[in-house]
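Report on one structure; see the data block that follows.
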Amino acid sequence: MSRAGKLHFKGNAAKSRIMGLILDRLDGEREFLAFDYGCGKAAYWPKILDAYSGLSLVYFDPNPASMAQARQALNGKPARPLDDPFAEPPLSADFVVSFSVFEHVRDRRAYLTQAFRHLKPGGLLFLNYDDGHFRNQLSLNRPWKSKAQVKEFLFNLTARPLALFGVLSHYQRRVEREAVDRMVEEAGFAVEEVFYSNLPSLKGLYGELEKYGWPEEIREEYARKWQEMEEFLNSLILRDETEPRLGDRANLWPHTLSRTMVLKKPPV
Numbered sequence: 068m069s070r071a072g073k074l075h076f077k078g079n080a081a082k083s084r085i086m087g088l089i090l091d092r093l094d095g096e097r098e099f100l101a102f103d104y105g106c107g108k109a110a111y112w113p114k115i116l117d118a119y120s121g122l123s124l125v126y127f128d129p130n131p132a133s134m135a136q137a138r139q140a141l142n143g144k145p146a147r148p149l150d151d152p153f154a155e156p157p158l159s160a161d162f163v164v165s166f167s168v169f170e171h172v173r174d175r176r177a178y179l180t181q182a183f184r185h186l187k188p189g190g191l192l193f194l195n196y197d198d199g200h201f202r203n204q205l206s207l208n209r210p211w212k213s214k215a216q217v218k219e220f221l222f223n224l225t226a227r228p229l230a231l232f233g234v235l236s237h238y239q240r241r242v243e244r245e246a247v248d249r250m251v252e253e254a255g256f257a258v259e260e261v262f263y264s265n266l267p268s269l270k271g272l273y274g275e276l277e278k279y280g281w282p283e284e285i286r287e288e289y290a291r292k293w294q295e296m297e298e299f300l301n302s303l304i305l306r307d308e309t310e311p312r313l314g315d316r317a318n319l320w321p322h323t324l325s326r327t328m329v330l331k332k333p334p335v
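If you want the numbering used here, it's the 1-based position in the sequence shown plus 67.
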């Protein structure tokens, strides 16, 4: 578990663990810069930046509506927006975080190239991608509850054809492990660590606790136990099988929703 104290992203064990790995590296002796490459609404960053004075943020999201909300949330914080990662000079960031973004990126090689460029030598990219969009099962017993599953099915069906015409707002495609591992190597990264997270049942139960207003201290303790369980699975149970399932040979992959690669830009 992280030594950083309070958990962030309690409803997502992968993001919580990543943030702990980042905050554990803040030594109080110098300033650190993080780049959130696909920040969404940046909902959790204001509290993190308030709590850790040595950390500042650069953020970017290709969705104008999300970027506008992120700007509003981060107004007055040690954070600045990035208009175009391709045009901006290198940021020399200590950390680049990519939370559940990669599965929505069409040109993944270019994305990794820019992440590499914006890191300082020795910096870390936390590349986290999610597979939940591609595991939707229609419930014939409750078809009226399957609207979200139908929507995801249509997005998956039409994503590539629409992308050919420049429509990328709903683009999503499963990340195949062999392909991303190869792209990471080609981009110049060294793999520091890989872990699998977000067991659907445990993630779903946290959502229930939140929905029905369980006390904060109970939800915090639950999130810690959840993260501890997943760290146990990754340290003692994780292994590769002979054949891939759902695009990955790891035995934990069919039972978890996300994979995180901790990637290092080699020192000069």
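Glycine is no exception: its CB is placed at the ideal position from the N, C-alpha and C atoms.
Three or more Cβ pairs closer than 8 Å define a contact, and the region 107-120 falls short of that threshold against the region 298-317. When DSSP states are grouped into helix, strand and coil, Leu100 belongs to the strand group. Across the structure, Glu245 and Pro282 are spaced so that their CA atoms are roughly 42 Å apart. Around the beta carbon of Leu141, 16 or more other beta carbons sit within 10 angstroms, so the residue counts as buried.
Taking C-beta atoms as the reference points, Tyr196 and Ser159 fail to come closer than 8 Å.
DSSP lists Leu194 and Val261 as the beta-bridge partner residues of Met328. Approximately 15 Å separates the beta-carbon atoms of Ala290 and Lys114; this is outside 8 Å, ruling out the contact. Taking the Cα of Ser302 as reference, the smallest distance to any Cα among Gly199, Ala137, Phe262 and His75 is reached at Phe262.
Less than 8 Å separates the beta-carbon of Ser83 from that of Gln294. DSSP, read as helix, strand or coil, puts Ala110 in coil. In this structure, Asp128 places its C-beta atom within 8 Å of the C-beta atom of Gly105. If the five residues before and after Leu272 are omitted, its C-beta is found closer than 8 Å to the C-beta atoms of Tyr289, all from its own chain and listed in chain order.
Our two residues, Glu297 and Leu116, have alpha carbons roughly 27 Å apart in a direct line.
As computed with DSSP, Leu124 is found in a beta bridge with Ala101 and Ala146.
In the three-state reduction of the DSSP assignment, Phe169 falls in the helix class. For Gly255, same chain residues with a beta-carbon under 8 Å away, outside a window of 5 residues either side, are Phe183, Lys332 and Pro333 in chain order. The Cβ-Cβ distance between Phe201 and Ser165 does not fall below 8 Å. Setting aside the 5 residues that flank it on each side, Ala135 has no residue in the same chain whose C-beta is closer than 7 Å to its C-beta. Counted as a single uninterrupted DSSP element, the beta strand (DSSP E) harbouring Thr309 occupies residues Asp307 to Arg312. For Ala290, the enclosing alpha helix (DSSP H) begins and ends at Glu283 to Phe299. Taking all protein chains in view, the Cβ of Leu313 is surrounded by fewer than 16 other Cβ atoms within 10 Å, so the residue is classified as exposed. Contact annotation: Arg173 and Ala132 have beta-carbon atoms that are not nearer than 8 Å.
For Phe256, the three-state secondary structure derived from DSSP is coil. Scanning its chain for C-beta atoms nearer than 6 Å, with the 5 sequence neighbours on each side dropped, one finds around Lys187 the residues Ser159, in chain order. C-alpha of Ser120 to C-alpha of Asp94: approximately 11 Å in a straight line. Linking Ala257 to Asp150 through their CA atoms gives a straight-line distance of about 28 Å. In the DSSP annotation of this structure, the continuous segment of the beta strand (DSSP E) that includes Arg316 starts and ends at Asp315 to Ala317.
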